[in-house]
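Engineer: The numbering of the sequence shown is our numbering, which starts it at 9 and goes up by one. What follows is a structure written as structure tokens; I'll ask about it next.
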Amino acid sequence: MSNDINSTPHTDMSTEISAETNIFSLAYAQNLDQNDPLAAMREHFSIPKQADGSNEYYFTGNSLGLQPKLARAAVIELLDAWQTRGVKGHFEGEFPWLPYHEFLTEQAAEIVGALPQEVVMMNSLTANLHFMMASFYQPTAKRSKILIEHHAFPSDHYAVESQLKHHGKSVDDNLLLWTPRAHEELLNYQDLWQLIEQHGDEIALILLPGVQYYTGQVLDMAGITEVAHAKGIKVGFDLAHAAGNIELSLHQWQVDFACWCSYKYLNSGAGSVAGCFVHQRHVENTELNRFAGWWGHDKSSRFKMENTFKPIPTAEGWQLSNPPVLSLAAVRGSFDTISLAGGMPALRKKSLLLTDYMMRLIKAELGEKIRIITPQAPAERGCQLSLMLNVDGLDGKAMFNALEENGVTTDWREPNVIRVAPVPLYNNFQDVYHFVRILKECL
Ligand SMILES: *Cc1c(COP(=O)(O)O)cnc(C)c1O
Numbered sequence: 009m010s011n012d013i014n015s016t017p018h019t020d021m022s023t024e025i026s027a028e029t030n031i032f033s034l035a036y037a038q039n040l041d042q043n044d045p046l047a048a049m050r051e052h053f054s055i056p057k058q059a060d061g062s063n064e065y066y067f068t069g070n071s072l073g074l075q076p077k078l079a080r081a082a083v084i085e086l087l088d089a090w091q092t093r094g095v096k097g098h099f100e101g102e103f104p105w106l107p108y109h110e111f112l113t114e115q116a117a118e119i120v121g122a123l124p125q126e127v128v129m130m131n132s133l134t135a136n137l138h139f140m141m142a143s144f145y146q147p148t149a150k151r152s153k154i155l156i157e158h159h160a161f162p163s164d165h166y167a168v169e170s171q172l173k174h175h176g177k178s179v180d181d182n183l184l185l186w187t188p189r190a191h192e193e194l195l196n197y198q199d200l201w202q203l204i205e206q207h208g209d210e211i212a213l214i215l216l217p218g219v220q221y222y223t224g225q226v227l228d229m230a231g232i233t234e235v236a237h238a239k240g241i242k243v244g245f246d247l248a249h250a251a252g253n254i255e256l257s258l259h260q261w262q263v264d265f266a267c268w269c270s271y272k273y274l275n276s277g278a279g280s281v282a283g284c285f286v287h288q289r290h291v292e293n294t295e296l297n298r299f300a301g302w303w304g305h306d307k308s309s310r311f312k313m314e315n316t317f318k319p320i321p322t323a324e325g326w327q328l329s330n331p332p333v334l335s336l337a338a339v340r341g342s343f344d345t346i347s348l349a350g351g352m353p354a355l356r357k358k359s360l361l362l363t364d365y366m367m368r369l370i371k372a373e374l375g376e377k378i379r380i381i382t383p384q385a386p387a388e389r390g391c392q393l394s395l396m397l398n399v400d401g402l403d404g405k406a407m408f409n410a411l412e413e414n415g416v417t418t419d420w421r422e423p424n425v426i427r428v429a430p431v432p433l434y435n436n437f438q439d440v441y442h443f444v445r446i447l448k449e450c451l
């Protein structure tokens, strides 16, 4: 069958298969794959295998993206350079280590919609959140509160509480939570506007996700920033689930700062180097408090080893240490893979179709058993769908195990939510078809 498909001229085949109108059929999914301009990108990734040697149905790119072959090649190239050059690797070769992070800047800026001087790849996500708060959370007697969402990723919540304590502020009096209404999962903007209206003059910082990790809800970053700035509040976003997933325009939206990790939709390997954005209007502000290190110091005089800190007038001025170049190499290979695909506009275009297809299949085939808690409007969701199972007596753990036994990798959140992320770089429409088929069988 598949040989026939490959040897049939493309035009003939697509007319033949598009006659298949049953969306819950393999032929329909195959037709979508045939018409997908990014279909070949899958070949740039290593896909984990099932016991029988076939590909896993991998839907956990929201947690750990798969390995791009170019990332592997870049890491090996770096190991070779270290092996053969030793310290001279800092200066020699096509990608010397001293400026290695600079090779990533342009692509990182494109991914988040920033100017090159506004971004730097450095540290890890939670560390960057702290460094950004050192600069952008400067409480005064009157303005000392931080507003976050109730269900913030725990690391973000801990970071914010510890910043309050670091400044001697009581958490009870200074932490404001934007909470979904009773019996709802999604955040409601009316509630946020009301919090800002009521407490605006006392709020120093709003820190929110670009995409909420549990529900997959995309927040209106431009709108939130505008409303907050009108009250004199600084705004930062955690883009862990947004970078590489949806299109962003951080510069244009006037966001003050943002941080994101590179191992989810940016496919750079567990714990790899994170990204950080500081808006252009702040990068040259030497008045801002910051926790400084030598890698943030003016490049021309860094190695004079003098004691007066002179920050680089870009986001690089927030760097501390010489970076882990092995991880930066993985980021480079990953960014090159995204560039090959045509960048975020191309990825988002496919992502909308892929997730829409999954949503339609689930609604048609499993409508009664599954509630999709992710917003359904395209502008309010990314790749990920969060599925709540409405099945009496369902044993969540058994269900998750049954999926695994059938080659489906998803992530399960107690008591009954499955998060699935079809990723446009390496998932195809047939993966989605098989996911829904297997889920239906398991239920
Ligand atoms: C994944 C994720 C993190 C993880 O933080 P690390 O510092 O990279 O370990 C933090 N916050 C959010 C919102 C996340 O989704």
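C-beta atoms are modelled at their ideal positions from N, C-alpha and C, and glycine is treated no differently. Note that this is a predicted model, so its numbers are computed, not measured.
#1: Going by Cα to Cα distance, which pick from 322, 274 and 408 is closest to residue 293?
#2: Does the Cβ of residue 223 lie closer than 7 Å to at least one heavy atom of ligand 1?
#3: Quick test of the definition: if touching needs 3 or more C-beta pairs under 8 Å, does the region 326 to 336 touch the region 62 to 79?
#4: Once DSSP output is grouped into helix, strand and coil, what is the label at residue 273?
#5: State the Cα-Cα distance for the pair residue 199 and residue 181, rounded to the nearest angstrom.
#6: With a threshold of 7 Å (Cβ to nearest heavy atom), would residue 276 be considered close to ligand 1?
#7: Give the range of the beta strand (DSSP E) segment to which residue 154 is assigned.
#8: For residue 280 versus residue 339, is the C-beta spacing smaller than 8 Å?
#9: Residue 227 by DSSP, collapsed to three states: which one?
#10: Exposed or buried, what is residue 401 when buried is set at 16 or more other beta-carbons lying within 10 Å of its beta-carbon?
#11: Starting from residue 419, follow its DSSP beta bridges and name the residues at the other end.
#12: Bridge partners of residue 128, per DSSP?
#13: At which residue ranges does the region 294 to 365 contain complete alpha helix (DSSP H) runs of 4 or more residues, listed in the order of the chain?
#14: What I want to know is whether the C-beta of residue 158 ends up closer than 7 Å to one or more non-hydrogen atoms of ligand 1.
#15: In chain order, what residues place their C-beta within less than 6 Å of a heavy atom belonging to ligand 1?
#16: Would residue 120 and residue 37 be called neighbours here (beta carbons separated by less than 8 Å)?
#17: Could you tell me the distance, in whole angstroms, from the CA atom of residue 129 to the CA atom of residue 377?
#18: When you compare only the Cα positions, how much space is there between residue 22 and residue 433?
#19: From residue 102 to residue 84, what does the alpha carbon distance come to, in whole angstroms?
#20: What three-state label does DSSP hand residue 77 in the structure shown?
#21: In the region 135 to 223, which residue ranges form an unbroken alpha helix (DSSP H) of at least 4 residues, counting only runs that do not cross its ends?
#22: Could you check the C-alpha separation between residue 124 and residue 112 for me, to the nearest Å?
#23: Roughly how far, in whole angstroms, is the beta-carbon of residue 361 from the beta-carbon of residue 31, given that I think they are within contact range, below 8 Å?
#24: Which of the three DSSP states is assigned to residue 99 in this structure?
Structural biologist: Quick look at the numbers:
#1: Along the sequence shown, one-based indexing puts residue 293 at 285. Ranking 322, 274 and 408 by Cα distance to residue 293 puts 322 first.
#2: Taking the sequence shown and counting its residues from 1, the one referred to as residue 223 is at position 215. Checking every heavy atom of ligand 1 against the Cβ of residue 223, none is found closer than 7 Å.
#3: no
#4: For the purposes of this step, residue 273 is taken as residue 265 along the sequence shown, with counting starting at 1. Reduced to three states, the DSSP call for residue 273 is coil.
#5: Looking up residue 199 in the sequence shown gives position 191. Looking up residue 181 in the sequence shown gives position 173. So the two alpha carbons sit approximately 19 Å from each other.
#6: Within the sequence shown, numbered from 1, the residue matching residue 276 stands at position 268. The answer is no for residue 276.
#7: As a position in the sequence shown, residue 154 is number 146, starting the count at 1. Segment 153 to 157, the beta strand (DSSP E) holding residue 154.
#8: Within the sequence shown, the letter at position 272 stands for residue 280. Within the sequence shown, the letter at position 331 stands for residue 339. For residue 280 and residue 339, yes; Cβs fall inside 8 Å.
#9: Taking the first residue of the sequence shown as 1, we reach residue 227 at position 219. Three-state result, residue 227: coil.
#10: Translated into positions along the sequence shown, residue 401 becomes position 393. When all chains shown are included, residue 401 counts as exposed.
#11: As a working mapping, residue 419 is identified with position 411 in the sequence shown. In the DSSP output, where bridge partners are listed per residue, residue 419 has 427.
#12: In the sequence shown, counting from the first residue as 1, residue 128 sits at position 120. 284, per the DSSP bridge assignment.
#13: 333 to 348
#14: As a first step, residue 158 is located in the sequence shown; it is residue number 150 there, counting from the start. No, ligand 1 has no heavy atom inside 7 Å of this Cβ.
#15: 132, 133, 134, 161, 163, 164, 217, 221, 246, 248, 249 and 269
#16: Locating residue 120 in the sequence shown gives position 112, where the first residue counts as 1. Locating residue 37 in the sequence shown gives position 29, where the first residue counts as 1. The answer is no: Cβ separation not under 8 Å.
#17: Here residue 129 refers to the residue found at position 121 of the sequence shown. Here residue 377 refers to the residue found at position 369 of the sequence shown. Whole-angstrom Cα-Cα distance: 43 Å.
#18: Working through the sequence shown from its first residue, we reach residue 22 at position 14. Working through the sequence shown from its first residue, we reach residue 433 at position 425. Any reading at residue 22 must be qualified, since the residue scores a pLDDT of 46, below 50, and its modelled position is unreliable; no value is offered.
#19: Here the question's residue 102 lines up with position 94 in the sequence shown. Here the question's residue 84 lines up with position 76 in the sequence shown. One C-alpha to the other measures close to 14 Å.
#20: By one-based count along the sequence shown, residue 77 stands at place 69. Note: residue 77 maps to helix in three-state DSSP.
#21: 162 to 174, 179 to 182 and 197 to 207
#22: Your numbering for residue 124 matches position 116 in the sequence shown. Your numbering for residue 112 matches position 104 in the sequence shown. Between residue 124 and residue 112, the C-alpha separation is close to 10 Å.
#23: In the sequence shown, residue 361 corresponds to position 353, counting from 1. In the sequence shown, residue 31 corresponds to position 23, counting from 1. Residue 361 to residue 31, Cβ: 13 Å. No contact.
#24: Position 91 of the sequence shown holds residue 99. Residue 99 falls in the coil class under three-state DSSP.
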